[in-house]
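Dropping the structure here:
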């Protein structure tokens, strides 16, 4: 089934508005007025504005995703420093190594990493002396980890808000604006169908205009087009 695109709807309006305006005397009999076309143009502008905002929201979300990944890297770097100290402090197989997640593998999960930080902070509070003397860890190592963790929490929260609120909201607004454009355009087409049903020369341009709504943006040419074949 062909997809109706914002680009296509905008192209349709560029043809349908002057086409319908030219036949306004006859379309007015079917409740299509100059105000109809004014509203139609306004709806198209709103749709295009919502489409642009949707793109901005998605771009922001992608940037937040990248920021969260960078924040995780900062926390993991601090965690690894502490894990190295714990490994030098406690013998192999000791429960303390498990508390410091010495042999655990990280799989890019913010939730898991925050859990590790919580466990490591508890381990530091109960094992400060051996970790300081044998592992050569100091309070600053844990302060650095916790500072990086706060940044990660903040970034994670921002992304969740964007994902759960702004992204769906932006798409919903775009869908509503798009449907408004389709609805008013269809009113014009219905009136034309009824008014010009016995006049194909007048009706066919309306049919052709409606097909434009299924157009999609042209693909951008490649930056490095293939060279012409040798002569």
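In my numbering, the protein residues as written are 286 to 516. Beta carbons are placed, not taken as given, at the ideal position from N, Cα and C, and that holds for glycine.
Counting the other Cβ atoms within 10 Å of the Cβ of residue 378 gives fewer than 16, which makes it exposed. Within the same chain, Cβ atoms closer than 8 Å to the Cβ of residue 325 are found at 298, 301, 302, 466, 469, 470 and 473, the five residues on either side in sequence being excluded. Of the candidates 428, 293, 314 and 463, the residue whose Cα lies closest to the Cα of residue 331 is 463. Per DSSP, reduced to three states, the secondary structure at residue 422 is coil, with no helix or strand assignment. Of all C-beta pairs linking the region 353-366 to the region 394-413, three or more are shorter than 8 Å, placing the two stretches in contact.
Counting the other CB atoms within 10 Å of its CB gives residue 390 a total below 16, which places it among the exposed residues. Each of 307, 433 and 321 was checked against the Cα of residue 365, and the nearest Cα belongs to 433.
Note that the C-beta distance between residue 305 and residue 321 is below 9 Å.
In the displayed model, residue 317 falls within coil according to three-state DSSP, outside both helix and strand.
Within the region 349-393, the runs of alpha helix (DSSP H) at least 4 residues long that lie entirely inside it are, in chain order, 380-384. In this structure, the straight-line span from the alpha carbon of residue 493 to that of residue 483 is close to 17 Å. Within 10 angstroms of the beta-carbon of residue 403 lie fewer than 16 other beta-carbons, which makes it exposed. In the three-state DSSP reduction, residue 395 falls in the helix class (H, G or I).
Between residue 370 and residue 338 the beta-carbon gap is near 49 Å, outside 8 Å, which marks them as no contact. Shown here, residue 484 sits in coil according to DSSP, grouped into three states, outside any helix or strand. When the alpha-carbon of residue 362 is set against those of 437, 479 and 491, the nearest one is in 437.
Rounded to whole angstroms, the Cβ separation of residue 315 and residue 479 is 6 Å, and the two are in contact under 8 Å. Per DSSP, the unbroken alpha helix (DSSP H) holding residue 310 starts and ends at 309-312.
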